[in-house]
Ligand code: GRF
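Numbering (this note's numbering), first residue to last: 39 to 243.
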């Protein structure tokens with residue numbers, strides 16, 4: 039079993055996608071051990087509690103710079119993989135070092151477009167529309183010391199239409215996020231993802 043912790047800050051629709059895929063058997067080798075929120079009252083916590091997953095809130099206002107250390111102390115030796123599913127705090131080096139190539143993030147664009155500092159939430163889609171791209175999408179990647187710079191595991195694309203608003207594009211991409219994150223977790227849980235420098239290789243069987 040691949041034991042995971044899911045880190046959240048808000049609504050948690052990506053967390054829900056993982057919960058659903060564990061319960062329908064698609065993620066039959068994944069167990070969600072913890073959901074940790076950096077924000078008090080995040081709706082994602084309710085989603086977890088509803089299905090009996092252990093939740094913890096380490097509010098960023100309270101923990102500030104020691105948030106990563108607190109998460110590290112909680113999860114060290116307890117989980118195999120950490121999933122950032124709409125987690126908006128910066129993860130520090132000490133946590134990354136302990137979980138090297140074992141922390142994954144989902145970002146709502148085709149990295150390296152529309153990512154990095156300031157590219158979060160609706161801003162990502164505003165930037166994509168402003169730039170005039172015809173295709174956008176989402177990326178699941180490993181987390182390294184940079185912002186959205188780690189090795190890419192998989193990406194899914196969607197068309198961008200002339201009449202799109204940032205909100206419409208966000209919704210279209212979110213549908214793909216809910217497929218991409220469980221898919222990446224399945225590959226990892228089956229030992230099919232190998233990292234070599236910036237590149238990942240997915241084995242067939
Ligand atoms: C998603 O768009 C994800 O890509 C980004 O934050 C958003 C979180 O949405 N990192 P949700 O909380 O999973 O609904």
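Backbone N, C-alpha and C define an ideal beta-carbon position, used for all residues, glycine too. Bear in mind the structure is a predicted one, so any value in this text is a computation, not a measurement.
Looking only at C-alpha atoms, which of 65, 124 and 113 sits nearest to residue 83? Taking the first residue of the chain shown as 1, we reach residue 83 at position 45. For residue 83, the nearest C-alpha among the options comes from 124.
Mind checking who residue 228 pairs with in its DSSP beta bridge? Here residue 228 refers to the residue found at position 190 of the chain shown. Bridge partners of residue 228: none, in fact.
Near residue 137, which residues of its chain fall below 6 Å by C-beta distance, leaving aside the five closest residues on each side in sequence? In the chain shown, residue 137 corresponds to position 99, counting from 1. Around residue 137: 120.
Straight-line CA distance for residue 153 to residue 92? The residue given as residue 153 occupies position 115 in the chain shown. The residue given as residue 92 occupies position 54 in the chain shown. Their Cα atoms are separated by approximately 31 Å.
Residue 80 and residue 44 look like a contact to me (Cβ under 8 Å); what is the Cβ gap, rounded to whole Å? Counting from one through the chain shown, the residue named residue 80 turns up at place 42. Counting from one through the chain shown, the residue named residue 44 turns up at place 6. Residue 80 to residue 44, Cβ: 12 Å. No contact.
Alpha-carbon spacing of residue 146 relative to residue 212, whole angstroms: Within the chain shown, residue 146 is the residue found at index 108, counting from 1. Within the chain shown, residue 212 is the residue found at index 174, counting from 1. Between residue 146 and residue 212, the C-alpha separation is close to 7 Å.
Report the three-state DSSP secondary structure of residue 162 (helix, strand or coil). Mapped onto the chain shown, residue 162 falls at position 124. Correct three-state label for residue 162: helix.
Per DSSP, which residues does residue 72 bridge with? Please list them. Locating residue 72 in the chain shown gives position 34, where the first residue counts as 1. Its beta-bridge partners are 43 and 92.
What are the boundary residues of the beta strand (DSSP E) that includes residue 142? On the chain shown, residue 142 is found 104 positions in, with the first residue counted as 1. Run containing residue 142: 141-145, per the beta strand (DSSP E) assignment.
Collapsed DSSP secondary structure at residue 221 in the structure displayed: Counting from 1 along the chain shown, the entry for residue 221 is found at position 183. Reduced to three states, the DSSP call for residue 221 is helix.
Using only the heavy atoms of the ligand GRF, determine whether one of them is closer than 8 Å to the beta carbon of residue 213. Looking up residue 213 in the chain shown gives position 175. For the ligand GRF, not one heavy atom lies less than 8 Å from the Cβ of residue 213.
Secondary structure at residue 192, three-state DSSP: helix, strand or coil? As a first step, residue 192 is located in the chain shown; it is residue number 154 there, counting from the start. In this structure, residue 192 counts as strand in the three-state DSSP scheme.
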